[in-house]
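Under numbering that gives the first Met the number 0, the first residue of the sequence shown carries the number 0, and numbering increases by one thereafter.
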Amino acid sequence: MSIVVSMINWKGGVGKTTLTLQLGIGLNKFHKKKVLLIDLDPQCNLSFLALGVESYVDKIYNKNTNSLKSVFDSYFSDTAADAEKVIQKDLVNSRPGYVFKNVDIVLSHQELVLLDLRLARSRKSGKDHKEETGYEIEKLAILKRLLDQLQDENEYDYVLLDCPPNVNLVTQNAFYASDYFVVPAIPDFLSTTGISLIRDYMEKFNKDYKNMHQYAEYTEEYTDTKFGGIIFNMVDENRGGPKLTHKETFNSIKTQHPGYVFDNYITDGDGISVAGSVNLPIFAHEHLPRSNANAEKQARYFKKLADEFIIKIN
Ligand SMILES: Nc1ncnc2c1ncn2[C@@H]1O[C@H](COP(=O)(O)OP(=O)(O)O)[C@@H](O)[C@H]1O
Ligand SMILES: [Mg+2]
């Protein structure tokens, strides 16, 4: 069985995309896991980072490569999306001129933003409220239907979902399909005040979906998406640990969410952005044009994070 994990935070710029990519690659590189990355954000940042903007544009606009848009389009045309076609192999860069064999990706598409609105407005009329609730569940289960196709030889160890910075229907599709949700956060006051609220929202989704399933007497049962924890990103260090203000935030979040804060974190540094600018993973630090030492450090922290992730999320 694949383990499906959503990276969720309605704030932008906290590292959802960065963590999805680098952690996914780390799980493959250091733990030999077969990984699928799914880009659900119409800003397509994960797709851009993983293969480069030029290659992405060529795939989507010249070669008509399938993306997540195809998946939602098929919902509207009442057909089933074919996972074989939607999942792209041999596209995620590993080092210059090479791609990963076992890190696959589902690309995003800018028109997903319109699909989200269209999805929210669409309402199939049923013979009664119960049937209509069943239709509402199908709207949430579009992504899950795709992942349900992945069995046996096509199965992944981990499926990581990079969510947009909102909790609209595309994000809800990710949540519905996930075993876990993980919240990336920056250790500052404003970024951390939202975490409890996000957890409350997600708990409410679990409750709502469960009630909907019961009410509609839906064929499958709904299993709760569990809270996988909080991962801190962009941490500043001094003397080998988080600097004092970051340490204080860490401790206060640990008290508020006992057992849910990852011990390992990612430091703030240019390595990540330099790697992004040449579409390479942080682990290819020796191939970067600059900031190699910083990237090497961040790569080490990502390895430790991947080690902890395997233990916590299994
Ligand atoms: N640890 C880090 N150090 C420095 N820059 C980072 C780090 N993590 C992310 N960034 C940069 O911050 C920006 C936002 O990160 P991103 O992963 O896109 O966040 P989100 O997906 O939550 O919007 C990007 O430009 C990224 O390169
Ligand atoms: Mg993002």
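Where a beta carbon is used, it is the ideal one built from N, C-alpha and C, also for glycine.
This one's a predicted model, so the numbers in the text were calculated from it and none came from an experiment.
Query raised in the report: In chain order, which continuous runs of the alpha helix (DSSP H) of length 4 or greater are located wholly inside the stretch 74-139?
Result: Within the stretch 74-139, the complete alpha helix (DSSP H) segments of 4 residues or longer fall at 82-85, 111-120 and 128-139, listed in chain order.
Requested in this report: Round the Cβ separation of I2 and D262 to the nearest angstrom and send it over; I've been treating them as touching at under 8 Å.
Outcome: In the sequence shown, the residue the question calls residue 2 occupies position 3. In the sequence shown, the residue the question calls residue 262 occupies position 263. About 20 Å; that fails the 8 Å criterion.
Query raised in the report: Does the separation of the CB atoms of Y155 and L20 fall below 8 Å?
Result: For the purposes of this step, residue 155 is identified with residue 156 of the sequence shown, where counting begins at 1. For the purposes of this step, residue 20 is identified with residue 21 of the sequence shown, where counting begins at 1. Judged by beta-carbon spacing, L20 lies beyond the 8 Å limit of Y155, meaning their Cβ atoms are not closer than that value.
Query raised in the report: Does the beta-carbon distance from A49 to L149 come in below 8 Å?
Result: Here residue 49 refers to the residue found at position 50 of the sequence shown. Here residue 149 refers to the residue found at position 150 of the sequence shown. Judged by their CB atoms, A49 and L149 are not nearer to each other than the 8 Å cut-off.
Query - Inter-residue Cα distance where the pair is M0 and K209 - result: The count along the sequence shown starts at 1 and reaches residue 0 at position 1. The count along the sequence shown starts at 1 and reaches residue 209 at position 210. Approximately 22 Å, taken between the alpha carbons.
Requested in this report: State the start and end residues of the unbroken alpha helix (DSSP H) segment that holds D161.
Outcome: The residue you call residue 161 lines up with position 162 of the sequence shown. D161 -> not in any alpha helix (DSSP H); beta strand (DSSP E) instead, spanning Y157 to D161.
Report task. Output yes or no for whether 8 Å exceeds the beta carbon distance between V234 and I197. Result -> Your numbering for residue 234 matches position 235 in the sequence shown. Your numbering for residue 197 matches position 198 in the sequence shown. Going by C-beta atoms, V234 is not nearer than 8 Å to I197.
Report task. Entirely within the stretch 172-232 and at least 3 residues each: give me those beta strand (DSSP E) ranges in chain order. Result -> As far as the stretch 172-232 is concerned, its whole beta strand (DSSP E) runs of at least 3 residues are 179-184 and 225-231.
Query raised in the report: Where does T248 fall in DSSP's three states?
Result: Stepping through the sequence shown from its first residue, residue 248 is reached at position 249. In this structure, T248 counts as helix in the three-state DSSP scheme.
Query raised in the report: Going by the C-beta, is D161 closer than 7 Å to any heavy atom of ligand 2?
Result: The residue labelled residue 161 in the question sits at position 162 within the sequence shown. At least one heavy atom of ligand 2 falls within 7 Å of the beta-carbon of D161.
Query raised in the report: Exposed or buried, which one is I310 when buried takes at least 16 other CB atoms within 10 Å?
Result: Taking the sequence shown and counting its residues from 1, one reaches residue 310 at position 311. That one is exposed.
Query - K242 versus L279, D187 and A119, residue with shortest Cα-Cα distance - result: Counting from one through the sequence shown, the residue named residue 242 turns up at place 243. With distances taken between CA atoms, K242 lies nearest to D187 out of L279, D187 and A119.
Query raised in the report: Quick one: does the C-beta of K10 sit closer than 7 Å to a heavy atom of ligand 2?
Result: For this step, residue 10 is matched to residue 11 along the sequence shown. Between ligand 2 and the CB of K10, the shortest heavy atom gap is not smaller than 7 Å.
Query raised in the report: Taking 7 Å as the cut-off, does the CB of V40 come closer than this to any heavy atom belonging to ligand 2?
Result: Taking the sequence shown and counting its residues from 1, the one referred to as residue 40 is at position 41. A small correction: the amino acid at residue 40 is Asp; Val does not occupy that position in the sequence shown. Within the cutoff, so yes.
Report task. Could you tell me the distance, in whole angstroms, from the CA atom of N8 to the CA atom of K32? Result -> As a first step, residue 8 must be located in the sequence shown, where it is residue number 9. As a first step, residue 32 must be located in the sequence shown, where it is residue number 33. The alpha-carbon atoms of N8 and K32 are separated by roughly 25 Å.
Query raised in the report: Cβ of M233 versus every heavy atom of ligand 4: is any distance shorter than 7 Å?
Result: In the structure shown, ligand 4 is absent; the only ligands present are ligand 1 and ligand 2.
**Report entry** Three or more C-beta pairs below 8 Å linking the stretch 247-259 and the stretch 276-292
**Finding:** The stretch 247-259, when compared against the stretch 276-292, does not touch it at the 8 Å Cβ threshold.
Query raised in the report: Shortest alpha-carbon distance to L304 belongs to which of K58, L106 and N27?
Result: As a working note, residue 304 is residue 305 in the sequence shown. For the residues K58, L106 and N27, the minimum Cα distance to L304 belongs to N27.
**Report entry** Between the CA atoms of D115 and N167 - distance to the nearest angstrom
**Finding:** As a working note, residue 167 is residue 168 in the sequence shown. As a working note, residue 115 is residue 116 in the sequence shown. Taking C-alpha positions only, N167 is separated from D115 by approximately 7 Å.
Query raised in the report: In chain order, what residues of the same chain have a beta carbon less than 7 Å from the beta carbon of S73, not counting five sequence neighbours either side?
Result: Reading the sequence shown from its first residue, position 74 is the one you call residue 73. Scanning its chain for C-beta atoms nearer than 7 Å, with the 5 sequence neighbours on each side dropped, one finds around S73 the residues A79 and A80, in chain order.
Requested in this report: Look at P163 and D57 and say whether their C-beta atoms are less than 8 Å apart.
Outcome: The sequence position of residue 163 within the sequence shown is 164, counting from 1. The sequence position of residue 57 within the sequence shown is 58, counting from 1. Not a contact, by the Cβ cut-off of 8 Å.
Query raised in the report: Under the three-state reduction of DSSP, which class applies to S66: helix, strand or coil?
Result: For the purposes of this step, residue 66 is identified with residue 67 of the sequence shown, where counting begins at 1. In this structure, DSSP gives S66 a state outside helix and strand, which the three-state scheme calls coil.
**Report entry** Whether A173 touches S5 by CB criterion (8 Å)
**Finding:** As a working mapping, residue 173 is identified with position 174 in the sequence shown. As a working mapping, residue 5 is identified with position 6 in the sequence shown. Against a cut-off of 8 Å, the Cβ pair of S5 and A173 comes out as a contact.
**Report entry** Anticipated Cβ contact below 8 Å, L106 with Q87, distance rounded
**Finding:** Taking the first residue of the sequence shown as position 1, residue 106 is located at position 107. Taking the first residue of the sequence shown as position 1, residue 87 is located at position 88. A Cβ-Cβ separation of about 6 Å places L106 in contact with Q87 under the 8 Å criterion.
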